[in-house]
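**Q** If you scroll down you'll find the structure; I have some questions about it.
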Amino acid sequence: MPRISPKTSERLAKILLWGAGFLTVLILAAIVIYVLVNGVSEINWEFLTTPPIGGLSGEGGISTIIVTTVYLILITIFILTPVGIGAAIYLSEYAQDNILTNFIRYAVETLAGVPSIIYGLFGYALFVSALYLGHSLIAGALTLVCLLLPTMIRTTEEALRAVPQEYREASLALGATRWQTIWHVALPAALPGIATAIILSTGRVIEETACLYVTLGGSAAMPRSILSGGRTLALHVYYLAMDTMAFDKAMATAAVLIIIIVIINLFTNWLSQRFRSAYTAMEEGRP
Amino acid sequence: MRKVFAKWSTGILSLVALAIALTGCGGALSGTITESGSTTVQPLAEKLAAAFTEENPDVEIIVQGGGSGQGFKDAVDGISDIGALSRELKTEEAGQVVKHVIARDGIAIVVHPSTTVSNLTKEQVRDIFAGNITNWNEVGGPNQEIVVISREEGSGTRGAFEEMVMEGDLITTEALFYNSNGALKTAVAGAPYSIGFLSFGYLDSSVKALSINGTPATVENAKSGVYPIVRPLLFVTKSEPEGLVKEFIDFCLSEEGQAIVEEEGYLSVT
Amino acid sequence: MRRFIDRASRYVVLLAASISFLILFAIAFFIIARGLPAIQEIGLVEFVTGTVWRPGQGQYGILPMIVGSVAATFGSLILAIPMGLGCAILLAEIAGRRARRFLRPVVELLVGIPSVVYGLVGMVLLVPLVRNLGGNGYSVLAASIVLMAMILPTITSISEDAIRAVPRAYREASLAMGATQWQTIRHVLLPAARSGIGASIVLGMGRAVGETMAMIMVIGNSIKFPTSPLDSARTLTGNIALEINYASGLHEDALFATGIILLVFIIILNTISFFALRRSRAQNIA
Chain F
649 MPRISPKTSE RLAKILLWGA GFLTVLILAA IVIYVLVNGV SEINWEFLTT
699 PPIGGLSGEG GISTIIVTTV YLILITIFIL TPVGIGAAIY LSEYAQDNIL
749 TNFIRYAVET LAGVPSIIYG LFGYALFVSA LYLGHSLIAG ALTLVCLLLP
799 TMIRTTEEAL RAVPQEYREA SLALGATRWQ TIWHVALPAA LPGIATAIIL
849 STGRVIEETA CLYVTLGGSA AMPRSILSGG RTLALHVYYL AMDTMAFDKA
899 MATAAVLIII IVIINLFTNW LSQRFRSAYT AMEEGRP
Chain W
-8 MRKVFAKWST GILSLVALAI ALTGCGGALS GTITESGSTT VQPLAEKLAA
42 AFTEENPDVE IIVQGGGSGQ GFKDAVDGIS DIGALSRELK TEEAGQVVKH
92 VIARDGIAIV VHPSTTVSNL TKEQVRDIFA GNITNWNEVG GPNQEIVVIS
142 REEGSGTRGA FEEMVMEGDL ITTEALFYNS NGALKTAVAG APYSIGFLSF
192 GYLDSSVKAL SINGTPATVE NAKSGVYPIV RPLLFVTKSE PEGLVKEFID
242 FCLSEEGQAI VEEEGYLSVT
Chain V
128 MRRFIDRASR YVVLLAASIS FLILFAIAFF IIARGLPAIQ EIGLVEFVTG
178 TVWRPGQGQY GILPMIVGSV AATFGSLILA IPMGLGCAIL LAEIAGRRAR
228 RFLRPVVELL VGIPSVVYGL VGMVLLVPLV RNLGGNGYSV LAASIVLMAM
278 ILPTITSISE DAIRAVPRAY REASLAMGAT QWQTIRHVLL PAARSGIGAS
328 IVLGMGRAVG ETMAMIMVIG NSIKFPTSPL DSARTLTGNI ALEINYASGL
378 HEDALFATGI ILLVFIIILN TISFFALRRS RAQNIA
């Protein structure tokens, strides 16, 4: 085998690496542009503000779907935030570093990797069937809380850990109790990180399909209470494409989804940059 | 801040007033009915529900899919007031619920619209779905492999199809599987040389319905009994229906309700 | 009062932590409580090695679905590893600041695109393309390509972190000894980052094995052994989502049992990546 000179292999490797990067961009561009090109022309005020006809027909807009998605986000975040932040505070501020804490951390990590459909199966068995909530917003939201909790805990814990220890020590030295220190010092300092965690969770609610497919029901009607069923934007894409062949409307809904995701991405980037700069300011502010 | 609050409170107050005004007029009936189950019945149930709530604006009817098995389960468990099935009750299910036949429905054998074959015998359909016939040239078509598309195990349409067409033979595991009438139609419409079975209510120009034993798949033929694959569509309730649920089922069986059944491409029961 | 709040709040957050922890047990409990009786009734060996899934006939073999899941995942890894790793090296070592500023958000955006959008594009665009190669288009190949797009960002971003975390001194030492940049990457950085890279691949695998809706949309869901990439197949996840609403009795329990098998797969993968990541962190600190 002829030996390739280091110089040639260097050049070859770089070409291949740039090729990989280029291909990745190409794939993303292909997906996003395809969806946007096919979808955006369908999006107009009427599409956003009229309800879908539902059932066999893929016609109509997505107003009720947007409302359902917003409801689901609000209910989920409302339950998720206190539990998630509470657990994160416990893990970062109170728990000792022992086998149990390590095990909890491992469990949280594992739970974060469990597929959505397993949460769906669980939510279906517990919330839909055993607790008689039926296929409903509340069953879907509770399932989502279980799904999102591990990530929420992990991200919040990381944000709390990033707060310099000196802050806490200073506060405690001034005579504040532990809780006062957490409430008035650690939490405010970690706020941008926690906000990021909440926004990321919101994004996940919007993206999720599998666990909602088996817990949310799929009615296209306007939900009247938390016991009503419904479908989110992502589920609507699935139903439109699979059940009604309304690929144009599915593309339009998918385009709305992508636009929302891009906005959320930009927002979290902005937040985490702020967080980073706030943190460096803290670091620099140290004597 | 105060101004904002004032704005909000007037907004909320006017909403409340509007709500009171809305409840003031309208019919005497009010409340919520939940219906779930068969995706065959779902579009029909949605239409019936829309007509019923138009007459009784204070009534909300939540219509959901899920499949026949789910409909039965939901009715028994009390998750839904009404369960919908697109097949006859199994013997072990029969004692647990009260059944109401709200319509009948033909099952069409559908193929991709480009398919040249337009008639099959029931035996040929059986052999195709059992995997004994795998090429269209065996039934007078082009030399192309047949793409068999079926519904999931537990589907009412599949149950009825197996009972009336397969007669004990099993559907091949080579088939593609989808879990709603709509998804099956999408798959058949999208894949050349495919064949599947579909509720009459879902037929449109995106798929081609075959004649069976020379009989075209039409509502008239199904009604007169010439078309061989027809099954009942059921609403089931946990106990003898009362109040609002009874009103709704009565409405479905009324002349007006049955007219909707015919309009949607199903067979009326009266 | 202050003391009281201080003490009470401790219990409140402990409660929150317990709730979270309970959920783990509840999930395991519910899936196992519903699935285990089915496995006992069917027999574990029969369930895992049985080749026929016909719940109507009392036959519950999920081997075809295990093979389907493994095939789609494996295919996606073959496609995603070279690209993802290449992208990671590019981002960590080669690309200039401007290129990185452009590439990184692109990768981040890929993570955020809902799987159902991938499924939709796969259904509308990819399946007809694959159909030209033969078969009916709903295939393991289509599924692998869709999964590739989904796990690419995972592999890229975690590998990038791992490569970036290799201490500066390693690079400088290698370059100072006259090695080219590529030699440094290949012989110094990649070996040093291998735990993290391994973890990224395993995490990508976990995501691929767990994907559900996009799979239903493009893989065809037939219950047979795929013999070529153009064959249709069914994944474990698809089996659950497709049939859970239609199932009752033993059939329903068998789907929970399918969930147990899936959970076992995921826990094994997660445990590997958990310890690999931990090792990679420990290495870099050392």
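Protein chains in written order, with this note's numbering: chain F, 649 to 935; chain W, -8 to 261; chain V, 128 to 413. No residue lacks a Cβ here, since even glycine has one placed at the ideal position from N, Cα and C. The structure displayed is predicted, hence computed values, not measured ones.
How about Leu268/V and Gly211/V: are their beta carbons less than 7 Å apart?
**A** As a working note, residue 268/V is residue 141 in the third sequence. As a working note, residue 211/V is residue 84 in the third sequence. Going by C-beta atoms, Leu268/V is not nearer than 7 Å to Gly211/V.
**Q** Short check: CB of Val32/W to CB of Ser71/W, under 7 Å?
**A** The residue given as residue 32/W occupies position 41 in the second sequence. The residue given as residue 71/W occupies position 80 in the second sequence. Taking 7 Å as the Cβ cut-off, Val32/W and Ser71/W do not qualify as a contacting pair.
**Q** Taking C-beta to C-beta, are Thr30/W and Ser185/W nearer than 7 Å?
**A** Indexing the second sequence from 1 puts residue 30/W at position 39. Indexing the second sequence from 1 puts residue 185/W at position 194. No, these two residues do not count as a Cβ contact at 7 Å.
**Q** Using a beta-carbon distance below 7 Å, is Tyr373/V in contact with chain W?
**A** Residue 373/V sits at position 246 when you count from the first residue of the third sequence. So yes, Tyr373/V belongs to the interface.
**Q** Name, please, each residue of chain B whose Cβ falls closer than 8 Å to the Cβ of Val853/F.
**A** You won't find chain B in this structure, because its protein chains are F, W and V.
**Q** Which partner residues does Gln186/V have in the DSSP bridge list?
**A** Here residue 186/V refers to the residue found at position 59 of the third sequence. According to DSSP, which records beta bridges pairwise, Gln186/V is partnered with Arg181/V.
**Q** Residue ranges of each alpha helix (DSSP H) run of no fewer than 4 residues wholly in the segment 823 to 852 of chain F, ordered along the chain?
**A** Counting only runs of 4 or more, we get 826 to 829.
**Q** In terms of DSSP beta bridges, what is Ala75/W paired with?
**A** To locate residue 75/W, count along the second sequence from 1; it is residue 84. Answer is Gly28/W and Phe226/W, bridged to Ala75/W.
**Q** Thinking C-alpha only, which one of Leu204/V, Ser355/V, Arg361/V and Ala381/V is nearest Gly347/V?
**A** As a first step, residue 347/V must be located in the third sequence, where it is residue number 220. Nearest option by C-alpha distance: Arg361/V.
**Q** Hey, does Gly56/W have any beta-carbon neighbour from chain F nearer than 7 Å?
**A** As a working note, residue 56/W is residue 65 in the second sequence. So, interface residue.
**Q** Ala266/W by DSSP, collapsed to three states: which one?
**A** This structure does not reach residue 266/W, given that chain W is present from -8 up to 261, and the question cannot be answered.
**Q** My understanding is that Ser359/V touches Leu167/W, with C-beta atoms under 8 Å, so please give their C-beta distance in whole angstroms.
**A** Reading the third sequence from its first residue, position 232 is the one you call residue 359/V. Reading the second sequence from its first residue, position 176 is the one you call residue 167/W. 6 Å between Cβ atoms; contact.
**Q** Using the three-state DSSP reduction, which class does Phe43/W fall into: helix, strand or coil?
**A** Counting from one through the second sequence, the residue named residue 43/W turns up at place 52. Helix, per DSSP.
**Q** For a test of the three-state rule: what should DSSP assign to Thr106/W, helix, strand or coil?
**A** By one-based count along the second sequence, residue 106/W stands at place 115. Thr106/W: coil per DSSP, three-state reduction.
**Q** Hey, how far is the Cα of Thr857/F from the Cα of Thr863/F?
**A** Position 209 of the first sequence, counted from the start, is the residue given in the question as residue 857/F. Position 215 of the first sequence, counted from the start, is the residue given in the question as residue 863/F. Going by the C-alpha atoms only, they are around 10 Å apart.
**Q** Using a 10 Å radius around the Cβ and a threshold of 16 neighbouring Cβ atoms, would you call Met899/F buried or exposed?
**A** To locate residue 899/F, count along the first sequence from 1; it is residue 251. That one is buried.
**Q** I'd like to check one pair, Ile158/V with Gly376/V: are the Cβ atoms closer than 7 Å?
**A** On the third sequence, residue 376/V is found 249 positions in, with the first residue counted as 1. On the third sequence, residue 158/V is found 31 positions in, with the first residue counted as 1. It is not a contact, given that the beta carbons lie outside the stated cut-off.
**Q** From the DSSP output, in three-state form, read off Ser185/W for me.
**A** What you label residue 185/W is simply residue 194 of the second sequence in a count that begins at 1. Ser185/W: strand per DSSP, three-state reduction.
**Q** Is any beta-carbon of chain F found at less than 7 Å from that of Ala94/W?
**A** Residue mapping note: residue 94/W aligns to position 103 of the second sequence, counting from 1. No - not a single Cβ of chain F is within 7 Å of the one on Ala94/W.
**Q** Is the shortest distance between the beta-carbon of Glu144/W and the beta-carbons of chain V less than 7 Å?
**A** Residue numbering aside, residue 144/W sits at position 153 when the second sequence is read from its first letter. Yes, because at least one Cβ of chain V sits closer than 7 Å to the Cβ of Glu144/W.
**Q** Given that Met890/F touches chain V, what residues does it touch there, using C-beta distances under 7 Å?
**A** By 1-based counting over the first sequence, the position of residue 890/F is 242. Result: Met344.
**Q** Looking only at C-alpha atoms, which of Tyr772/F, His884/F, Tyr742/F and Val833/F sits nearest to Thr716/F?
**A** What you label residue 716/F is simply residue 68 of the first sequence in a count that begins at 1. The option with the nearest alpha carbon to Thr716/F is His884/F.
**Q** Taking C-alpha atoms, which residue in Thr176/V, Arg225/V, Val140/V and Val244/V lies nearest to Pro730/F?
**A** As a first step, residue 730/F must be located in the first sequence, where it is residue number 82. Comparing Cα positions, the closest option is Val140/V.
**Q** On the DSSP bridge assignment, give the partners of Tyr140/W in chain order.
**A** Within the second sequence, residue 140/W is the residue found at index 149, counting from 1. In the sequence under discussion, the amino acid at residue 140/W is Ile, which differs from the Tyr named in the question. In the DSSP output, where bridge partners are listed per residue, Ile140/W has Leu167/W.
**Q** When the Cα of Leu820/F is compared with those of Thr829/F, Ser689/F and Asp891/F, which residue comes out closest?
**A** For the purposes of this step, residue 820/F is identified with residue 172 of the first sequence, where counting begins at 1. When only C-alpha atoms are compared, the closest one is Thr829/F.
**Q** Using CA atoms only, rank isn't needed, just tell me which of Glu805/F, Ala736/F and Ile786/F is closest to Ser873/F.
**A** By 1-based counting over the first sequence, the position of residue 873/F is 225. Selected option, being the one with the closest Cα: Ile786/F.
**Q** Would you report the Cα separation of Gly86/W and Val92/W, rounded to the nearest angstrom?
**A** By one-based count along the second sequence, residue 86/W stands at place 95. By one-based count along the second sequence, residue 92/W stands at place 101. Answer to the nearest angstrom: the Cα atoms are 16 Å apart.
**Q** Quick check: the Cα distance between Ala894/F and Gly709/F, rounded to an integer number of angstroms?
**A** Numbered from its first residue, the first sequence carries residue 894/F at position 246. Numbered from its first residue, the first sequence carries residue 709/F at position 61. Between Ala894/F and Gly709/F, the C-alpha separation is close to 12 Å.
**Q** Assess, as a yes-or-no matter, whether the segment 204 to 219 of chain W is touched by the segment 120 to 129 of chain W under the definition of 3 or more beta carbon pairs within less than 8 Å.
**A** Not touching, per the Cβ criterion.
**Q** At a threshold of 6 Å, does Leu212/V count as lining the ligand ATP (C-beta to nearest heavy atom)?
**A** In the structure on display, the ligand ATP does not appear, and there are no ligands present to speak of.
**Q** Do Ile73/W and Phe226/W have their C-beta atoms within less than 7 Å of each other?
**A** Mapped onto the second sequence, residue 73/W falls at position 82. Mapped onto the second sequence, residue 226/W falls at position 235. Yes.
**Q** Can you pull the chain F residues whose beta carbon is under 9 Å from the beta carbon of Pro209/V, in chain order?
**A** Sequence index remark: in the third sequence, residue 209/V carries index 82 (1-based). Per Cβ cutoff of 9 Å: Leu664 and Ala668.
**Q** Can you give the Cα-Cα distance for Gln55/W and Leu256/V, rounded to whole angstroms?
**A** Taking the second sequence and counting its residues from 1, one reaches residue 55/W at position 64. Taking the third sequence and counting its residues from 1, one reaches residue 256/V at position 129. Cα-Cα distance, rounded: 34 Å.
**Q** Taking C-beta pairs closer than 8 Å, name the residues in chain F that Met340/V reaches, listed in chain order.
**A** Within the third sequence, residue 340/V is the residue found at index 213, counting from 1. In chain order: Thr857, Ala858, Tyr861 and Tyr886.
**Q** Quick one: list the residues of chain F neighbouring Gly150/W, beta-carbon separation under 8 Å, in chain order.
**A** Counting from 1 along the second sequence, the entry for residue 150/W is found at position 159. What Gly150/W touches in chain F: nothing, since even the nearest Cβ is about 20 Å away.
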